[in-house]
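Participant: Dropping a structure here in structure tokens format, bear with me for questions.
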Amino acid sequence: MSETILNLLPLHEGEREEFEAIAPDAAHVYARSSTVTPEQLAAATVIFGWPRAESMKQAVSLKWFQTMWAGTEEYADFLPEGILFTSSSGSNSRSVAEHMLTGLMAVCRRLPAYLDSQRAHVWKDEGPMKTVLGGTVLVLGAGNVGSTFAGLCQGLGAKTIGLKRSVTGPVAGFDEVRPMDELDALLPQADVVALTLPHSPQTAGLMNTDRIARMKDDAILISAGRGSVLDQDALVRAMTAGKLWGAALDVTDPEPLPDNSPLWDVPNLLLTPHVAGGLRLEITRRKCVEMAQENLRRYLAGEPLKNLVK
């Protein structure tokens, strides 16, 4: 049976031809997530991109769906049973990791305070700064984003430790990889604690009052996975009382962050509105395309697909 491939990816010139060269016998349909029709969804046997989750119930002929993002939880209740479901995990790793490193460096150098002074036209020395050289960076989540961030920190002279649910061997970017159940023992050793975990019942509220208290008084917290992993009220209480050097958060719970949240006013806390990833870098967009193309080759050859969602 010939495949009907509904391609919702943000393609550039020449990329349609690349897909058609991989699957010359398929019917290729191109659309945008915002304008895709029920008829196009119903006819598709393969879908690439980021359609609205609720619209996926219309994909009655679907055999395989590859979302263009790493996160897949939004589709949990909307996909037809029995289909192949793959993600683009790793496509935005460099983008998110660079954003995390930028936030870390900004907090180390007290740039949030200096920006406040600039806006107020105040010339003020904020005193001592920090470096990651010789420090220990503890990353909760040793996946694509975590390992890329850890590798950048290694390049600046830090020791890196990654935490994951099960340890099966070394992971690029980490000097050590340890099981997640060692978190409480490792927190007091870390100069930087970075959260790159997805949302799940196991991760929700993981970084709570007790665990923040275990951190060094001058440690830095970075959060770029899902906002639900961090107890924000606990962080506000701790930092208001003088705990931690600073923090950089790209994710919050909820999003957008309400204008009355106390997070806005915590000194040396840098907030960005979940902009670390997405398609803000061309390398991310192209990586999504290449991942879809590689999996399409595998799909047509009957080979195992990469980034299969269980």
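Using my numbering, you'd call the opening residue of the sequence shown number 843 and step up by one each time.
Note that the Cβ used here is the ideal one computed from N, Cα and C, for glycine as well.
All figures in this text were calculated on a predicted structure; none of them were measured in a lab.
1. Tell me whether E855 sits in a helix, a strand or coil according to DSSP, three-state version.
2. Can you list, in chain order, the residues of its chain with a C-beta nearer than 6 Å to that of A1014? Leave out the 5 residues immediately preceding and following it.
3. Distance, Cα to Cα, P893 vs A901?
4. Quick check on P880: does DSSP put it in helix, strand or coil?
5. For the alpha helix (DSSP H) that L1028 lies in, which residues bound it at each end?
6. Along the chain, where does the beta strand (DSSP E) containing L953 start, and where does it finish?
7. For L1037 and I1125, I'd like the C-alpha separation in whole angstroms.
8. Can you check DSSP and say which residues form a bridge with M1049?
9. If we call anything under 8 Å between Cβ atoms a contact, is V1108 one with V1078?
10. For the alpha helix (DSSP H) containing I925, name the first residue and the last one.
11. Applying the 10 Å Cβ sphere with the 16-neighbour rule, what's the burial state of A1118?
12. Contact between the segment 915 to 928 and the segment 1078 to 1092: three or more CB pairs below 8 Å?
13. Given a threshold of 16 other Cβ atoms within 10 Å of its Cβ, counted over all protein chains shown, does L1150 qualify as buried or as exposed?
14. G1120: buried (16+ other C-beta within 10 angstroms of its C-beta) or exposed?
15. Does DSSP put Q908 in a helix, in a strand, or in coil?
16. Using the Cα positions of L1005 and P880, report the straight-line distance between them to the nearest angstrom.
17. Please state whether the Cβ-Cβ distance between V974 and A939 is less than 8 Å.
18. Output the boundary residues of the beta strand (DSSP E) element that contains R874.
19. Exposed or buried, what is A918 when buried is set at 16 or more other beta-carbons lying within 10 Å of its beta-carbon?
20. Could you tell me which residues DSSP puts in a beta bridge with T978?
21. How many angstroms separate the CA atom of D1095 from the CA atom of A1066?
22. Which word fits K972, buried or exposed, when buried means at least 16 other C-beta atoms lie within 10 angstroms of its C-beta?
Facilitator: The structure says:
1. The residue you call residue 855 lines up with position 13 of the sequence shown. Three-state result, E855: coil.
2. For the purposes of this step, residue 1014 is taken as the residue at position 172 of the sequence shown. The residues are S989.
3. On the sequence shown, residue 893 is found 51 positions in, with the first residue counted as 1. On the sequence shown, residue 901 is found 59 positions in, with the first residue counted as 1. Each residue's Cα considered, the two are about 11 Å apart.
4. Here residue 880 refers to the residue found at position 38 when the sequence shown is read from its first residue. Helix.
5. Start at 1 with the first residue of the sequence shown, and residue 1028 comes out as number 186. Looking at the DSSP string, the run of the alpha helix (DSSP H) that includes L1028 is L1025 to L1028.
6. Locating residue 953 in the sequence shown gives position 111, counting from the first residue. Boundaries around L953 are those of the alpha helix (DSSP H), L953 to R961, since no beta strand (DSSP E) includes it.
7. Mapped onto the sequence shown, residue 1037 falls at position 195. Mapped onto the sequence shown, residue 1125 falls at position 283. Taking the straight line joining both Cα atoms gives about 23 Å.
8. Taking the sequence shown and counting its residues from 1, the one referred to as residue 1049 is at position 207. Per DSSP, the beta bridge partners of M1049 are L1072.
9. The residue you call residue 1108 lines up with position 266 of the sequence shown. The residue you call residue 1078 lines up with position 236 of the sequence shown. Yes, they are a contact pair.
10. Here the question's residue 925 lines up with position 83 in the sequence shown. That residue, I925, is in no alpha helix (DSSP H); it is neither H nor E in DSSP.
11. Locating residue 1118 in the sequence shown gives position 276, where the first residue counts as 1. Counting every other CB atom within 10 Å of its CB across the protein chains shown gives A1118 a total of 16 or more, marking it as buried.
12. They do not touch, by the three-pair rule.
13. Position 308 of the sequence shown, counting from 1, holds the residue named residue 1150. So L1150 ends up on the exposed side.
14. Here residue 1120 refers to the residue found at position 278 when the sequence shown is read from its first residue. Counting C-beta atoms within 10 angstroms of its own C-beta, G1120 has fewer than 16 neighbours from the protein chains shown and is therefore classed as exposed.
15. In the sequence shown, residue 908 corresponds to position 66, counting from 1. Q908 carries a strand assignment under DSSP once its states are collapsed to helix, strand and coil.
16. Translated into positions along the sequence shown, residue 1005 becomes position 163. Translated into positions along the sequence shown, residue 880 becomes position 38. Between L1005 and P880, the C-alpha separation is close to 43 Å.
17. On the sequence shown, position 132 is the one that residue 974 refers to. On the sequence shown, position 97 is the one that residue 939 refers to. No, these two residues do not count as a Cβ contact at 8 Å.
18. Here residue 874 refers to the residue found at position 32 when the sequence shown is read from its first residue. Unbroken run through R874: none, as it is neither H nor E.
19. If you number the sequence shown from 1, residue 918 lands on position 76. Burial call: exposed.
20. Position 136 of the sequence shown, counted from the start, is the residue given in the question as residue 978. Among the bridge pairs identified by DSSP, T978 is matched with K1001.
21. Counting from 1 along the sequence shown, the entry for residue 1095 is found at position 253. Counting from 1 along the sequence shown, the entry for residue 1066 is found at position 224. Their Cα atoms are separated by approximately 12 Å.
22. Within the sequence shown, numbered from 1, the residue matching residue 972 stands at position 130. Buried, since its Cβ has 16 or more Cβ neighbours within 10 Å.
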